[in-house]
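What follows is a single structure, written as structure tokens, with notes after it.
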Amino acid sequence: MRMTENKRQILEALRGLHDGDNFIEYGPPPYCAADVVLMAGGNVRNTSRTLQLMEDQLLVKSETIMRDQACEVPKFGHYPRPVTGYWNAETIIEDQARAKAWRDGAKERSDRAFEKMMSLF
């Protein structure tokens, strides 16, 4: 198994963009191939194939998650759909703990942001 620069970038992207325990822009992992492309570049089809290969090599672990996805059928909007999300196998325990903590604190962060926004008016 060869560790290419592309695989290194994918593994780094799967950890998420964060400063400490706050995830920036893309939310917490797991990430689908399209998310990885947004963070690391590339194209979705090739990245998806690479992620599947990396799972065979035990570098990543996949799980099926429900995500709101933009869809035009039956009518335009965001609908929950199953996607394959990936975790970096080397750091999965740490990443899952950080993601859980981030999700658990979502309501508090939202309330603080709302209060801050309302104080401006």
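Throughout, this note's numbering is defined as the position within the sequence shown, counted from one, plus 39. Think of the CB as a built atom: it goes at the ideal place given N, C-alpha and C, for glycine as much as any other residue. Small disclaimer: the values here were computed from a predicted structure and weren't measured.
About 18 Å separates the beta carbon of S87 from that of A109, a gap too long to meet the 8 Å contact definition.
For R106, the three-state secondary structure derived from DSSP is strand. Straight-line spacing of the CA atoms in F115 and T103 works out to 24 Å. Residues D107, Q108, A109 and C110 of the same chain have their beta carbon placed closer than 8 Å to that of H117, with the five preceding and five following residues left out of the count.
If only complete runs of 3 or more residues are kept, the region 89 to 143 shows the beta strand (DSSP E) at 99 to 110 and 116 to 127, in order along the chain.
Here the region 121 to 128 makes contact with the region 47 to 58; the two share three or more CB pairs at distances below 8 Å.
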